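Asker: Each residue of the sequence shown is one higher than the one before, starting from 736 at the first, in the working numbering.
Don't be surprised by glycine CBs; every beta carbon is placed ideally from N, CA and C.
Remember, it's a predicted structure, so these values are computed and weren't measured experimentally.
Sharing a structure here in structure tokens format.
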Amino acid sequence: IMPKRLSDMAVHFSSEDEHWNTPDNILKPIRRMAGGQIYLDPCSNPTSRVGSVLAWDEAYNGLRHKWVPHTVGLTYCNPPYGRKIIRWAKKINSETRDRQAEIVTVLPARVDTSWWHNFIKPSATAFCFYRGRLRFYSPARKKITPAPFPTVITYHGPRVGLFLEEFASFGWTFPAPPQIQGKQMILL
Numbered sequence: 736i737m738p739k740r741l742s743d744m745a746v747h748f749s750s751e752d753e754h755w756n757t758p759d760n761i762l763k764p765i766r767r768m769a770g771g772q773i774y775l776d777p778c779s780n781p782t783s784r785v786g787s788v789l790a791w792d793e794a795y796n797g798l799r800h801k802w803v804p805h806t807v808g809l810t811y812c813n814p815p816y817g818r819k820i821i822r823w824a825k826k827i828n829s830e831t832r833d834r835q836a837e838i839v840t841v842l843p844a845r846v847d848t849s850w851w852h853n854f855i856k857p858s859a860t861a862f863c864f865y866r867g868r869l870r871f872y873s874p875a876r877k878k879i880t881p882a883p884f885p886t887v888i889t890y891h892g893p894r895v896g897l898f899l900e901e902f903a904s905f906g907w908t909f910p911a912p913p914q915i916q917g918k919q920m921i922l923l
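Structure (structure tokens):
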């Protein structure tokens, strides 16, 4: 039997519970960026705190539908962190590149994975590596639980300065480094 503390965190390493609601302290600056209300949440759930104009749940499946261009509104994405995260990372990348969607994401900072290097890093225009452990609300467990892994908030869009301003107090925040033909430029 695992000690209580470890058993509480074990769900973060599995696909048992994919619904982890974003805390209000993260949603407030995202709403400010969105002019008061987030337009699209493509991976919502029945207990979501996002309050977007459009909220797509598992039944509607945000992976199968086109998101909105930045001229319509801001998209916020806190995808399931289980095995599906690869598909969500690919979708975030394609919506940013193909449809010019403006997207803010909350993701596990797994910078050692292929989904990070193939899909998130190339399409993000700014990053905020959250200081400490982000505390998510789990509807299944009916409590707030800190993530056992680091979190990154990514921005995919043209308003990098606004993102940096809004998230500067949350952790290490910086614009994406320049890239040349898919390879990172080395600045000395």
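Assuming the contact rule is C-beta atoms closer than 8 Å, Pro-843 and Tyr-811 should be a hit. Round their C-beta distance to whole Å, please.
Answerer: What you label residue 843 is simply residue 108 of the sequence shown in a count that begins at 1. What you label residue 811 is simply residue 76 of the sequence shown in a count that begins at 1. At roughly 16 Å, the Cβ-Cβ gap does not stay under 8 Å, so Pro-843 and Tyr-811 are not in contact.
Asker: Taking DSSP as the reference, what is the three-state secondary structure of Thr-831?
Answerer: One-based indexing of the sequence shown puts residue 831 at position 96. Note: Thr-831 maps to helix in three-state DSSP.
Asker: When you compare each of Gln-835, Tyr-865 and Pro-777 to Pro-758 by their alpha carbons, which one comes out closest?
Answerer: Locating residue 758 in the sequence shown gives position 23, where the first residue counts as 1. Nearest option by C-alpha distance: Tyr-865.
Asker: Which runs of the alpha helix (DSSP H) at least 4 residues long sit entirely within the region 833-917? Give them in chain order.
Answerer: Here the runs fully enclosed are 895-902.
Asker: Going by Cα to Cα distance, which pick from Gly-896, Ser-849, Phe-898 and Ser-873 is closest to Lys-825?
Answerer: One-based indexing of the sequence shown puts residue 825 at position 90. Nearest C-alpha to Lys-825: Ser-849.
Asker: On the three-pair Cβ rule with 8 Å, is the region 880-893 touching the region 852-863?
Answerer: Judged by Cβ distances under 8 Å, the region 880-893 makes contact with the region 852-863, as three or more pairs qualify.
Asker: How many Å lie between Ile-820 and Phe-854 at the Cα?
Answerer: Looking up residue 820 in the sequence shown gives position 85. Looking up residue 854 in the sequence shown gives position 119. Cα-Cα distance, rounded: 11 Å.
Asker: Based on Cα-Cα distance, which residue from Arg-784, His-754 and Tyr-774 lies nearest to Ile-761?
Answerer: Taking the first residue of the sequence shown as 1, we reach residue 761 at position 26. Nearest of Arg-784, His-754 and Tyr-774 to Ile-761, Cα basis: Arg-784.
Asker: Can you tell me where the beta strand (DSSP E) with Leu-798 in it begins and where it stops?
Answerer: Mapped onto the sequence shown, residue 798 falls at position 63. Where Leu-798 is concerned, there is no enclosing beta strand (DSSP E), given that its DSSP letter is neither H nor E.
Asker: Tell me the residue span of the alpha helix (DSSP H) that contains Ile-765.
Answerer: Translated into the one-based positions of the sequence shown, residue 765 becomes position 30. Where Ile-765 is concerned, the enclosing alpha helix (DSSP H) stretches over 759-768.
Asker: In the DSSP assignment, what residue or residues form a beta bridge with Cys-812?
Answerer: Residue mapping note: residue 812 aligns to position 77 of the sequence shown, counting from 1. According to DSSP, which records beta bridges pairwise, Cys-812 is partnered with Thr-840.
Asker: Could you name the residues of the same chain whose beta carbon sits closer than 8 Å to that of Leu-897, not counting the 5 residues immediately before and after it, in chain order?
Answerer: For the purposes of this step, residue 897 is taken as residue 162 along the sequence shown, with counting starting at 1. Closer than 8 Å at the Cβ level, and outside the excluded window around Leu-897, lie Met-768.
Asker: Thinking C-beta only, is Gln-772 closer than 9 Å to Pro-703?
Answerer: Only positions 736 to 923 of the chain appear in this structure, which leaves residue 703 out of reach.
Asker: How about Cys-778 and Gly-808: do their beta carbons lie closer than 9 Å?
Answerer: Residue 778 sits at position 43 when you count from the first residue of the sequence shown. Residue 808 sits at position 73 when you count from the first residue of the sequence shown. Against a cut-off of 9 Å, the Cβ pair of Gly-808 and Cys-778 comes out as no contact.
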